[in-house]
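Below is one structure, written out as structure tokens, with a few remarks after it.
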Amino acid sequence: MKTKVLMVCLGNICRSPLAEGILKSKVDPNEVYVDSAGTAGYHVGNPPDPRSVAVAKKYGLDISLQKCRRFSRMDFESFDFIYVMDRNNFSDIASLANNSQEAHKVKLLLSEVNVGINEVPDPYYGGEDGFEDVYQMIDLACEAIAKKLN
18 MKTKVLMVCL GNICRSPLAE GILKSKVDPN EVYVDSAGTA GYHVGNPPDP RSVAVAKKYG
78 LDISLQKCRR FSRMDFESFD FIYVMDRNNF SDIASLANNS QEAHKVKLLL SEVNVGINEV
138 PDPYYGGEDG FEDVYQMIDL ACEAIAKKLN
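Here you go:
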């Protein structure tokens, strides 16, 4: 049975698509299924932000075919681990849990590593450097998650 991991941010166009692509590149697809979603429905059906696509491409990852979707309560049943990018997303997702078992699936992504901060900042309103910084943070966390899953 595959382990299923969901990455979640606000719009599912910047951080969580990067997290999905990065973790997919570090795990065996026969053993681990990775997806991403957003807590808001602003961009449903859209591809990731071009700046996320560009920084992923810089590191040899193609996330351009991903499509934004909104988190659903059904995701609690479908996924073993739900990693969120920041405390607001954590609160939004945890508030939808039907019980403590579902709530325990939700974790801050950066809780997997010690990088001096707990949240992956949203690079949407910033420049290219923000996407590079976010990529590096997510990559470190995904490396730690992949080691646990492999």
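Numbering-wise, this note's numbering comes out as the position in the sequence shown, counting from 1, plus 17.
A virtual CB, placed ideally from N, CA and C, is assigned to each residue, including glycine.
Quiz item: Nearest-angstrom Cα distance between Ile134 and Arg32?
Solution: 16 Å
Practice problem: For the alpha helix (DSSP H) holding Val72, just list the boundary residues, first then last. | Solution: 67-75
Self-check item: Buried versus exposed, by CB contacts within 10 Å (16 or more), Leu127
Solution: buried
Quiz item: Among the residues of its own chain, which have a CB less than 7 Å from the CB of Val130, if the five just before and after it don't count?
Solution: Leu157, Ala158, Ala161
Practice problem: Tell me whether Gln83 is buried or exposed, calling it buried when 16 or more other Cβ atoms sit within 10 Å of its Cβ. | Solution: buried
Quiz item: Going by Cα to Cα distance, which pick from Tyr76, Leu27, Leu78 is closest to Ala57?
Solution: Its Cα nearest to that of Ala57, the residue Leu27 stands out among Tyr76, Leu27, Leu78.
Practice problem: Compute the distance between the beta-carbons of Asp66 and Tyr141, then report whether it is under 8 Å. | Solution: yes
Quiz item: Is it the case that the Cβ atoms of Gly38 and Ile80 are separated by a distance below 8 Å?
Solution: yes
Quiz prompt | CB of Glu145 within 8 Å of CB of Arg87, strictly | solution = no
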